[in-house]
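J.:
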Amino acid sequence: MNRMTDIETLTSADPVLRLSGITKTFPGVTALSGVELALYPGQVTALVGENGAGKSTLVKILTGIYVPNEGQILVDEQPTRFTTATDASDAGITAIHQETVLFDELSVAENIYLGHAPRGRFGLVDWAKMRADATEILDRIGAKIDPRTPLRELGIASKHLVAIARALSVDARVVVMDEPTAALSQAEIEELYELVERLKSEGKAILFISHKFDEIFRIADRYTVFRDGEMVDAGLIAEVTEDQLVEKMVGRSMDAIFPQRDHTPGDTVLSVDGYSHPTEFEDISFDLRQGEILGFYGLVGAGRSEFMQALFGVTKPSGGSVTIDGQEISIRSPAEAIEKGIVYVPEDRGKQGAITAMPIFQNVTLPSLAQTSNRGFVRMAEEFALARKYTERLDLRAASLDQNVGNLSGGNQQKVVIAKWLATKPKVIILDEPTKGIDVGSKAAVHEFMAELAAEGLSVIMVSSEIPEILGMSDRVIVMRDGLIAARFDGEGLTPEALVRAAAGYEESAA
Amino acid sequence: MIGQALKSREAILAGALILLIIVVESRFSGFAAPGNLAGVFNDTSILIMLALGQTLVILTRCIDLSLASNLALTGMVTAMINSAMPGVPVVALIAIAVALGLLMGAFNGILVWKLDIPPIVVTLGTLTIYRGIIFVVSGGAWVNSHEMSEAYKAIPRFEILSLPVLSWIAIAVIAAFAVGVNRTALGRAFYAVGGNPSAAVYTGINVGKTRFWAFVIAGGLAGLCGYLWVSRYAVAYTDVAGGFELDVVAACVIGGISIAGGLGTVTGAVLGALFLGTIKNALPVVGISPFWQLAISGAAIIIAVAFNARSEHGKGRIILKKAEAHS
Chain F
732 MNRMTDIETL TSADPVLRLS GITKTFPGVT ALSGVELALY PGQVTALVGE
782 NGAGKSTLVK ILTGIYVPNE GQILVDEQPT RFTTATDASD AGITAIHQET
832 VLFDELSVAE NIYLGHAPRG RFGLVDWAKM RADATEILDR IGAKIDPRTP
882 LRELGIASKH LVAIARALSV DARVVVMDEP TAALSQAEIE ELYELVERLK
932 SEGKAILFIS HKFDEIFRIA DRYTVFRDGE MVDAGLIAEV TEDQLVEKMV
982 GRSMDAIFPQ RDHTPGDTVL SVDGYSHPTE FEDISFDLRQ GEILGFYGLV
1032 GAGRSEFMQA LFGVTKPSGG SVTIDGQEIS IRSPAEAIEK GIVYVPEDRG
1082 KQGAITAMPI FQNVTLPSLA QTSNRGFVRM AEEFALARKY TERLDLRAAS
1132 LDQNVGNLSG GNQQKVVIAK WLATKPKVII LDEPTKGIDV GSKAAVHEFM
1182 AELAAEGLSV IMVSSEIPEI LGMSDRVIVM RDGLIAARFD GEGLTPEALV
1232 RAAAGYEESA A
Chain L
25 MIGQALKSRE AILAGALILL IIVVESRFSG FAAPGNLAGV FNDTSILIML
75 ALGQTLVILT RCIDLSLASN LALTGMVTAM INSAMPGVPV VALIAIAVAL
125 GLLMGAFNGI LVWKLDIPPI VVTLGTLTIY RGIIFVVSGG AWVNSHEMSE
175 AYKAIPRFEI LSLPVLSWIA IAVIAAFAVG VNRTALGRAF YAVGGNPSAA
225 VYTGINVGKT RFWAFVIAGG LAGLCGYLWV SRYAVAYTDV AGGFELDVVA
275 ACVIGGISIA GGLGTVTGAV LGALFLGTIK NALPVVGISP FWQLAISGAA
325 IIIAVAFNAR SEHGKGRIIL KKAEAHS
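Chain order of the listed sequences is F and L. For the first sequence, the working numbering gives the first residue as 732, with consecutive numbering after it. For the second sequence, the working numbering gives the first residue as 25, with consecutive numbering after it.
(1) So what does DSSP say about K935(F), is it helix, strand or coil?
(2) What residue range is occupied by the uninterrupted alpha helix (DSSP H) comprising A40(L)?
(3) Taking a contact to mean a Cβ-Cβ separation below 8 Å, would you say G1022(F) touches G1188(F) in this structure?
(4) Using a Cβ cut-off of 8 Å (strictly closer), state whether V225(L) contacts chain F.
(5) With C-beta atoms as the reference, is D909(F) less than 8 Å away from S1036(F)?
(6) Check whether the Cβ of V798(F) lies closer than 8 Å to any Cβ atom in chain L.
(7) Is I1024(F) near F1043(F), with beta carbons less than 8 Å apart?
(8) Output needed in chain order: residues of the segment 33 to 64 of chain L with a Cβ under 9 Å from some Cβ in chain F.
(9) Look up S1052(F) in the DSSP assignment and say whether it is helix, strand or coil.
(10) Any idea which residues DSSP pairs Q1134(F) with across the strands?
(11) For chain F, is any of its Cβ atoms less than 8 Å away from the one on A199(L)?
(12) Could you check whether the segment 788 to 803 of chain F touches the segment 987 to 1003 of chain F, counting it as contact only if at least three pairs of C-beta atoms, one from each stretch, sit closer than 8 Å?
(13) According to DSSP, is L270(L) helix, strand or coil?
(14) Over the uninterrupted alpha helix (DSSP H) stretch that includes Q975(F), give me the two end residues.
(15) Put S984(F) into one of helix, strand or coil per three-state DSSP.
(16) Are there three or more Cβ pairs, one per stretch, closer than 8 Å when the segment 290 to 304 of chain L is compared with the segment 220 to 238 of chain L?
(17) Using a C-beta cutoff of 8 Å, does T79(L) count as contacting chain F?
(18) Between G54(L) and N94(L), what straight-line distance do the alpha-carbon atoms span, to the nearest angstrom?
(19) Where A1088(F) and M1039(F) are concerned, what is the direct C-alpha to C-alpha distance, given to the nearest angstrom?
(20) Just the Cα atoms here: how many angstroms apart are G111(L) and L91(L)?
(21) Does the beta-carbon distance from V64(L) to G247(L) come in below 8 Å?
(22) Just grab the DSSP bridge partners of E1059(F) for me.
(23) Going along the chain, which residues of its own chain have a beta-carbon closer than 7 Å to the beta-carbon of G77(L), five neighbours each way excluded?
(24) Going by C-alpha to C-alpha distance, which of A936(F), R862(F), V839(F) and P1165(F) sits closest to G1026(F)?
(25) Please state the DSSP three-state secondary structure of T1040(F).
(26) Where does G765(F) sit, in a helix, a strand or coil, going by DSSP?
(27) So, are the CB atoms of G1222(F) and R1232(F) less than 8 Å apart?
(28) Please name the residue, chosen from K304(L), I82(L), F159(L) and T150(L), that lies closest to A237(L) on a Cα-to-Cα basis.
(29) With D158(L) and M100(L) assumed to form a contact (beta carbons below 8 Å), what rounded beta-carbon distance in angstroms separates them?
(30) What number of angstroms, rounded off, separates the C-alpha of A1130(F) from the C-alpha of V1136(F)?
(31) Count the CB pairs spanning the segment 204 to 220 of chain L and the segment 1057 to 1073 of chain F that are closer than 8 Å, and state whether there are at least three.
(32) Quick check on the DSSP output: what are the complete alpha helix (DSSP H) runs of length 4 or more inside the segment 808 to 854 of chain F, in order along the chain?
(33) From the beta carbon of G1084(F), is the nearest beta carbon of chain L less than 8 Å away?
(34) Nearest by alpha-carbon distance to S764(F): which of G1029(F), V1191(F) and L789(F) is it?
(35) Quick check: the segment 838 to 852 of chain F against the segment 873 to 889 of chain F, are at least 3 beta-carbon pairs closer than 8 Å?
(36) Looking at the structure shown, is R992(F) part of a helix, part of a strand, or coil, going by DSSP?
Structure representation (structure tokens):
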């Protein structure tokens, strides 16, 4: 429908909000480097990019949660500075996040107006006005919800509408929508599109972040592409094709150097057949051979980590079987998985990886205490020897093995977790986003090490959302989408474009 | 590792304890005499043992408020059996006390593990339940000294190498904890579960089961202490050790056992209990009114917690400085 909009009217508008030369660095990582972005009244700008391209960081800068290290934020071409979330909302910027932050025990109206409730006499909350205003906003977005309903009684889609109503309850000029359709059904998505059209006609500038190409081409007027924290391209949707957009998104120079691997995988070690879960994934089947690296690619929320957690016994599958070395096994707990030779290095190191208040050596030996014990008593000398053996192999930098893991850098904490698992002498190691959030140098070391492990005959399952890593490291790739296996690649036809298409569910155009 | 631990919180606490003894000695000569200090230790023995049990529970990010009720109920049961059947050997009574304590601990543990009820709610409930059962079984009656057999009363006071058996039992429990906590897989699991429950799951540790064992061990110790308490004071009634559960928690907190779990040592718990025990022993002899004693004990707890919170805070700042240096 935006095809009807005249290209000239699109290009003649002045931006409401413009970011210029924005750079944001975190210790060891540059999340955004010199990016540009302009948002125009009455227009939808789609922001596209892979996971880790810097989209979320940008949203946080727009909403005042992060302060950029360099660059300018211009509202109506006037330089401003957002140091708190309130600054951004005062400037008329509001965001609807992927995971909405709402309060189940409060009513819909209270959720919409929490923090800026209309005040009456003596500064007390004016409940009648709050309800009336809430009804008006809900009507405006076409939501048939009674503002007095407690939020917990609503479904996910309705909650989403409440979040949108909340965003609109402040007089917003700029609306940021971060993957707003991720949790919605098709009918609800249609309603959201209508809402976006209505916001456009009210003259709001909309930043629309999405992985889904069909919706980008349906509702966006402009696009901006991010890649590795840089702005790659921006322009009018009418002047670009889907294939071109995919290319801009992934078309990087493959400058990261991956280790050369010339090892031929051996016999099948692990077979998974028809693994299913009531809500997270279904019918996952694959074989894994000795010394092989099997990549799992997909968008965030495709069910990859959930499947790995089930394979590791953290959650219970509803069906399917696992065979290891030709013997069918059942895995009901992580302890059983470890015993059978399957180990898992989780994605969230802080929460699931290391026990930070414990010394390095105790972290490493935690699952292998039987190895270092005699008649039930741990022998510290053996413990130290075991910990030293594996931490030295991983080239861990620490003053002493007595040191608490909490005092180590992220990359070194990751090494402690990997050392812990290698000490159990596993057959299969699952690495979930092994290089997420670590610097380039440490990434190369992790890749090097992964190749070494495979060469020694360990089978590796690598979950990764980074295309170069998937392409550079994997012998074979499985792509998951919405809890199902969407595609398998055995080396042939494995291109960045093919991966993105399979993961996003966008089939190549008939051309 | 042991050296590192001593340099930190435990060393400071030990220093504070010595300073406290010196100050009291300056006001009341003879307090620091070996014989008197041995007496203070003996008086504090039960607090030490319960604090060690509580330490395991707190390490796993739980808390057991029912320990004193458990103690009072087992104490009452052994006293009633003893007065009704003086022929039952005291060793059997001790076994009954421990078994009963283990059972009550297991009940707490099961509720926390299988029903996933917050430990503070579970043990607040059992605190009242166990205390209520005392009244039910005794009908509110007391068991007095003359109703107890001589053997029943004699064991904790019996001296070996001029130390009462009560003190020796505490020493044995401390030794068992020192080895068990540092050198067994279960001991490690307590730290892992409290330090990072989610990571513990991914390491193959059953978090609920580990917590269950912490409650069981703490309950068993409370049962043992039930006999020791009633036998030492030679009286059993419904309100025995009323409010003592808070002293136990206080001893742990003073000893640097982090309420957030995963942080703390056996040495710390023992020193914390000794510090609190010394204050309780010393304040009356230097002539401070009982009301001030409560206030001073309370102040000691808050100072200890503030101190621990500050040392944790300091750690955070060091990490930030490192991050700044890297960037």
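C-beta atoms are modelled at their ideal positions from N, C-alpha and C, and glycine is treated no differently.
T.: Checking against the coordinates, here is how it stands:
(1) coil
(2) A35 to R51
(3) yes
(4) With a threshold of 8 Å between beta carbons, V225(L) makes contact with chain F.
(5) If you check the CB distance, D909(F) and S1036(F) do not come in under 8 Å.
(6) no
(7) Not a contact, by the Cβ cut-off of 8 Å.
(8) Listed in chain order, the positions of the segment 33 to 64 of chain L with a beta carbon within less than 9 Å of a beta carbon of chain F would be empty, since no residue qualifies.
(9) strand
(10) Beta-bridge annotation (DSSP): Q1134(F) is not paired with any residue.
(11) no
(12) no
(13) Helix, per DSSP.
(14) E973 to V981
(15) Because the pLDDT of S984(F) is 46, which lies under 50, any placement of that residue in the model is unreliable, and the number read from its coordinates should be weighed accordingly. Looking at S984(F) - three-state DSSP - the assignment turns out to be coil, as it is neither helix nor strand.
(16) no
(17) no
(18) 36 Å
(19) 27 Å
(20) Approximately 29 Å between the Cα atoms of the pair.
(21) If you check the CB distance, V64(L) and G247(L) do not come in under 8 Å.
(22) T1054(F)
(23) L91, I241, A242, L245 and A246
(24) Per the Cα distances, P1165(F).
(25) Checking the sequence shown, residue 1040(F) turns out to be Gln, not Thr. Annotated three-state conformation of Q1040(F) is helix, per DSSP.
(26) strand
(27) no
(28) The displayed chain sequence assigns Trp, not Ala, to residue 237(L). Closest by alpha carbon: I82(L).
(29) Going by the sequence as given, residue 158(L) is Ile instead of Asp. Between M100(L) and I158(L) the Cβ distance is about 5 Å, and since that is below 8 Å, they are a contact.
(30) 11 Å
(31) no
(32) 816 to 821 and 839 to 844
(33) yes
(34) L789(F)
(35) yes
(36) coil
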